[in-house]
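Engineer: Here numbering that gives the first Met the number 0 is used: position 69 in the sequence shown is 68, and no number is missing along the way.
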Amino acid sequence: MKKLLVIAAISVGTTAFAQQVHIPNAFTPDGDMLNDYWKPIFDDTLTVSDYLLEVYTRDGQLIFETRDSNQHWDGTYWGSSVSESTFVYRLVMSVESNDINKVGFVEVLR
Numbered sequence: 000m001k002k003l004l005v006i007a008a009i010s011v012g013t014t015a016f017a018q019q020v021h022i023p024n025a026f027t028p029d030g031d032m033l034n035d036y037w038k039p040i041f042d043d044t045l046t047v048s049d050y051l052l053e054v055y056t057r058d059g060q061l062i063f064e065t066r067d068s069n070q071h072w073d074g075t076y077w078g079s080s081v082s083e084s085t086f087v088y089r090l091v092m093s094v095e096s097n098d099i100n101k102v103g104f105v106e107v108l109r
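#1: Assuming residue 105 contacts residue 89 under a Cβ cut-off of 8 Å, what Cβ separation, rounded to an integer in Å, is found between them?
#2: Thinking C-beta only, is residue 83 closer than 8 Å to residue 61?
#3: Measuring CA to CA, which of 46, 42, 50 and 63 is closest to residue 77?
#4: Given residue 111, which residues of its chain have a CB within under 6 Å of its CB, disregarding the five upstream and five downstream residues?
#5: I need the DSSP call for residue 30, collapsed to helix, strand or coil.
#6: Could you give the DSSP three-state label for residue 58: helix, strand or coil?
#7: Can you tell me where the beta strand (DSSP E) holding residue 93 begins and where it ends?
#8: Around the C-beta of residue 45, are 16 or more other C-beta atoms found within 10 angstroms, so that it is buried, or is it exposed?
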């Protein structure tokens, strides 16, 4: 019983930082000033280091990359708007000495 409680405490402690990072699954870069940009959302009081955000096409082509946690993706590639589609993202970051690695999908809606 004591081991089970220790394991549960470790699990909660590790996922607490990951839960403080919200990654929207869609955005609408159509110029209406509502939801025009996409980036992970987290409290700016967190100490973030080793930040890497990448966005890929479904074919695996890298179309956006940043190491600046304040930079967002505007739904373009080489200055041209991407088509309405689903893209794959990869987020790697350290938050207060805890590593977060997430892979998921983001939908561009026009």
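Beta carbons: idealized from backbone N, C-alpha and C, even for Gly.
Structural biologist: A quick look at the data gives this:
#1: Incorrect: roughly 11 Å between the Cβ atoms, too far for contact.
#2: No.
#3: 63
#4: The requested residue 111 is not part of the displayed model; the chain covers only 0 to 109.
#5: coil
#6: coil
#7: 84-94
#8: Under this definition residue 45 is an exposed residue.
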